[in-house]
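Structure first, then comments.
Shown next, in the form of structure tokens:
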């Protein structure tokens, strides 16, 4: 009877250990593939006649290598580009300023451009939600 119990416990421990190793290894692999994105080469975007890059920001491996003009869909469904600098907007200089900016509702429209970055072809709306303090 003790041998059956010992075999049962050994089998359970072996299954739990194997399952844990599989989960740990799969987590390690997915974490490594995410971390290795920063080592991927920056995408090459086409340039317009003014030397500005344009394209989808989905291919960027970091904010530093996003194009100057990011592909977007305007309010009326027009496909064009918005300026990266318009999307980023004003950045806070202090933590207090950051908190204030996060608690203010914001809705603004920015221009939607053709790939030349000069011709305005529509509007793109940015809506920011309000961050409320949890009580």
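Numbering (the working numbering), first residue to last: 15 to 149. In this text, a Cβ means the ideal position worked out from N, Cα and C, and glycines have one as well.
Boundaries cannot be given for residue 72, as no beta strand (DSSP E) includes it and DSSP labels it neither H nor E.
Nearest to residue 96 by C-alpha distance, out of 76, 111, 120 and 80, is 80. Residue pairing of residue 22 in beta bridges, as defined by DSSP: absent, with no partner found. Across the structure, residue 142 and residue 101 are spaced so that their CA atoms are roughly 12 Å apart. Contact fails between the region 55 to 70 and the region 113 to 126, because fewer than three Cβ pairs, one in each stretch, are under 8 Å apart.
Taking C-alpha positions only, residue 75 is separated from residue 98 by approximately 15 Å. The region 82 to 91 makes no contact with the region 102 to 113, as fewer than three CB pairs between them are under 8 Å. Following the DSSP letters along the chain, one finds residue 123 inside the beta strand (DSSP E) bounded by residues 120 to 127.
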